[in-house]
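What follows is a set of notes on a single structure, which appears directly below.
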Ligand code: GLU
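In my numbering, the protein residues as written are 56 to 484.
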């Protein structure tokens with residue numbers, strides 16, 4: 056008979072093998088053999104420290120009242136305050152936010168930032184809201200989660216469908232409620248409100264920098280390499296521009312407005328102008344439209360999933376022609392697909408290191424806010440590249456030493472740091 060003192064699975068969520076929390080739990084299980092004596096603490100990683108569900112009521116422009124479900128989850132605070140973005144999306148759930156918060160813990164530890172992991176979200180399609188409604192929703196949500204966020208406790212940032220303007224409203228709301236000007240409560244702010252140069256493009260830059268290192272190690276020449284990008288938002292488009300500048304051809308792109316293809320490579324300046332005007336890649340004249348499922352069959356060397364979770368399924372993993380997968384998104388590859396990619400000899404640079412550039416520059420922003428001394432864009436980029444390359448090197452050594460994937464190696468490096476802090480702090484009481 057199982058003792059009731061054995062840790063029981065959480066009753067609040069019902070993960071499946073491919074769902075975000077299920078994916079994360081599997082990733083943790085895989086790292087246990089490499090944790091040594093720290094494995095004793097592993098259960099810490101399998102449950103969030105704290106999860107807040109809030110009601111977000113707002114008055115719509117037409118006088119009706121709408122209610123949205125909001126979340127802020129602090130997965131782990133052993134190494135420092137919580138840190139992670141806030142997403143506005145109709146599919147947001149507690150389970151998804153828990154997984155995203157947990158991936159932030161791993162990511163922040165992987166690049167050795169003095170942060171725990173957190174994430175927030177509102178279950179809403181922001182495209183259906185007017186600017187004023189969006190502002191009211193953001194402000195009410197910020198007030199509701201105000202009991203757990205703060206410059207020294209938990210620092211939100213942009214994620215899917217959130218941006219510097221939304222961060223400005225969050226910063227202002229928190230500041231009004233506390234009678235301060237608390238620039239350090241969120242990152243990813245506009246530049247003149249304590250934002251950092253280089254923050255907007257930082258995630259895409261990190262994807263490029265880690266991708267360039269990985270390509271070098273597998274003798275993949277970036278000049279002439281064909282790149283397919285899923286998700287052409289802040290992350291995907293910035294990474295695509297940098298690969299294009301390095302001589303790669305961006306041959307396929309997909310977002311919620313369509314899927315486009317051009318084997319000769321897109322003219323990136325034209326594509327960026329089109330995306331700015333039309334809100335997505337669909338209808339771009341310099342490419343052929345494609346059926347969305349055909350995206351996964353495109354002849355390419357590098358695949359960059361930079362949209363949502365669970366996109367690389369087992370079936371798509373069998374089909375892709377890429378040699379290198381760079382996870383710009385959080386959680387884009389389900390565990391069965393991960394195994395198939397590994398068997399096929401396709402190298403995956405996992406989300407928890409690949410897209411860590413964004414939070415790394417968020418950290419720079421937070422430090423600059425506290426010192427009220429701001430760095431040049433060059434200083435930001437040089438420091439960012441150094442951190443990303445150093446972190447990837449350490450992960451690669453771990454992967455080589457244990458003959459494990461880069462994902463398990465990143466978890467090994469990160470979880471060792473988190474659980475060491477856990478052990479050193481000790482249990483209270
Ligand atoms: N939302 C981004 C991520 O998933 C950035 C988080 C942050 O800057 O705190 O890494």
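A virtual CB, placed ideally from N, CA and C, is assigned to each residue, including glycine.
Query: Burial state of residue 41 (16 or more Cβ within 10 Å); Result: Only positions 56 to 484 of the chain appear in this structure, which leaves residue 41 out of reach.
Query: Counted within 10 angstroms of its Cβ, other Cβ atoms place residue 182 as buried (16 or more) or exposed; Result: exposed
Query: Helix, strand or coil at residue 317 [DSSP, three-state]; Result: coil
Query: Proximity to residue 296 [Cα-Cα], best of 276, 316, 425, 320; Result: 320
Query: Candidates 179, 160, 176, 178: closest to residue 170 by CA position; Result: 160
Query: Cβ-heavy atom distance, residue 213 to ligand 1, below 7 Å; Result: yes
Query: Residue range of the unbroken alpha helix (DSSP H) whose run includes residue 131; Result: Here residue 131 belongs to no alpha helix (DSSP H); instead the beta strand (DSSP E) covers 120 to 131.
Query: Whole-angstrom C-beta distance between residue 455 and residue 264, which should lie under 8 Å; Result: In fact, because the Cβ distance is near 20 Å, the residues do not count as touching under 8 Å.
Query: Enclosing alpha helix (DSSP H) for residue 300 [first to last residue]; Result: 289 to 300
Query: CB contact below 8 Å: residue 271 versus chain B; Result: Among the chains in the structure shown there is no chain B, since it carries only a single protein chain.
Query: Secondary structure, beta strand (DSSP E): runs of 3+ residues fully inside the stretch 67 to 124; Result: 105 to 114
Query: Limits of the unbroken alpha helix (DSSP H) element including residue 153; Result: 149 to 165
Query: Cβ contact check for the stretch 250 to 258 and the stretch 266 to 282: 3 or more pairs under 8 Å; Result: no
Query: N- and C-terminal bounds of the alpha helix (DSSP H) containing residue 180; Result: Per DSSP, residue 180 belongs to no alpha helix (DSSP H) and is neither H nor E.
Query: Inter-stretch contact at 8 Å, needing at least 3 Cβ pairs: the stretch 302 to 309 / the stretch 416 to 433; Result: no
Query: Near ligand 1: residue 162 beta-carbon under 7 Å from a heavy atom; Result: yes
Query: Buried/exposed call for residue 482, threshold 16 Cβ in 10 Å; Result: exposed
Query: beta-carbon residue 385 near ligand 1 non-hydrogen atom, thresh 7 Å; Result: yes
Query: Among 135, 114, 119, 151, the one whose alpha carbon lies nearest that of residue 517; Result: This structure leaves residue 517 out entirely; the chain is present only between 56 and 484.
Query: Run of the beta strand (DSSP E) containing residue 360, from where it starts to where it stops; Result: 357 to 360
Query: Per-residue burial, residue 232 [other beta carbons within 10 Å of its own, 16 or more giving buried]; Result: exposed
Query: Segment limits, alpha helix (DSSP H) that includes residue 563; Result: Residue numbering for the chain in the displayed model covers 56 to 484; residue 563 lies beyond these limits and cannot be assessed.
Query: Residue 63 classed as buried or exposed, judged by whether at least 16 other C-beta atoms fall within 10 angstroms; Result: exposed
Query: For residue 113 and residue 195, believed in contact at Cβ under 8 Å, the rounded distance; Result: 6 Å
Query: Endpoints, the beta strand (DSSP E) within which residue 143 is located; Result: 141 to 144
Query: Residue 63 in three-state terms, based on DSSP; Result: coil
Query: Near ligand 1: residue 465 beta-carbon under 7 Å from a heavy atom; Result: no
Query: DSSP state of residue 335 mapped onto helix, strand, coil; Result: coil
Query: Environment of residue 237 [buried if 16+ CB atoms lie within 10 Å]; Result: buried
Query: Residue range of the beta strand (DSSP E) that includes residue 215; Result: No beta strand (DSSP E) contains residue 215, which DSSP labels as neither H nor E.
Query: Reduced DSSP secondary structure (H/G/I, E/B, other) of residue 322; Result: coil
Query: Inter-residue spacing [alpha-carbon to alpha-carbon] between residue 83 and residue 101; Result: 8 Å
Query: beta-carbon residue 256 near ligand 1 non-hydrogen atom, thresh 7 Å; Result: no
Query: Heavy atom of ligand 1 within 7 Å of residue 71 beta-carbon; Result: no
Query: Bridge partners - residue 310, DSSP secondary structure assignment; Result: 313
Query: C-alpha gap between residue 300 and residue 348, whole angstroms; Result: 28 Å
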